[in-house]
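Before any comments, here is the structure.
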């Protein structure tokens, strides 16, 4: 909340306070779909949260623009729109990228461009251009 001039309560109510807005890109290892381990037999980490809980939390903050992750070793981009019943439209993008150990080896470049009324995300997959038998 420190970098959000406005955010939404868990009920979807708009809350405002006087701080400078900042854009946030969140990084995690797991995708939202693979955040599913809520098993805690000893109650040490209770309550456990899953991907739906994390999605709901991120949607409360209009200046969260992306969640970047891996785990599945697949390149994929998914939109997570805010519910139409909430007072603030928008949402965030989940950008999942493969690992450098995968073949073919690829990296992902993420660029953010802003204007007074628009935030744009550009992603580019970069392929390593080296024969597989190259000696270092």
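Numbering (our numbering), first residue to last: 68 to 203. All C-beta atoms, glycine included, are put in the ideal place defined by N, C-alpha and C. On a predicted model such as this, the values are computed, not experimentally measured, just so you know.
Contact annotation: residue 88 and residue 130 have beta-carbon atoms nearer than 8 Å. Excluding residues up to 5 positions away in sequence, 86 and 88 lie with their Cβ nearer than 6 Å to the Cβ of residue 72 in the same chain. A straight-line Cα-Cα distance of about 17 Å links residue 149 and residue 187. As the crow flies, the alpha-carbon of residue 172 is around 40 Å from that of residue 110. For the options 84, 122, 113 and 79, the alpha carbon positioned closest to that of residue 97 is the one of 122. Ranked by Cα distance from residue 78, the options 193, 127 and 175 are led by 127. The region 88-119 is shown to contain whole beta strand (DSSP E) runs of 3 or more residues at 91-94, in chain order. Listed in chain order, the non-local C-beta contacts of residue 90 below 6 Å within the same chain comprise 130 and 132, local neighbours out to five positions each way being set aside.
Here residue 194 is bridged, per DSSP, to 173. Under the criterion of beta carbons closer than 8 Å, residue 190 and residue 176 qualify as touching, at roughly 7 Å. Proximity to residue 76 across 153, 196 and 116 peaks at 153, based on C-alpha coordinates. Residue 78 carries a coil assignment under DSSP once its states are collapsed to helix, strand and coil.
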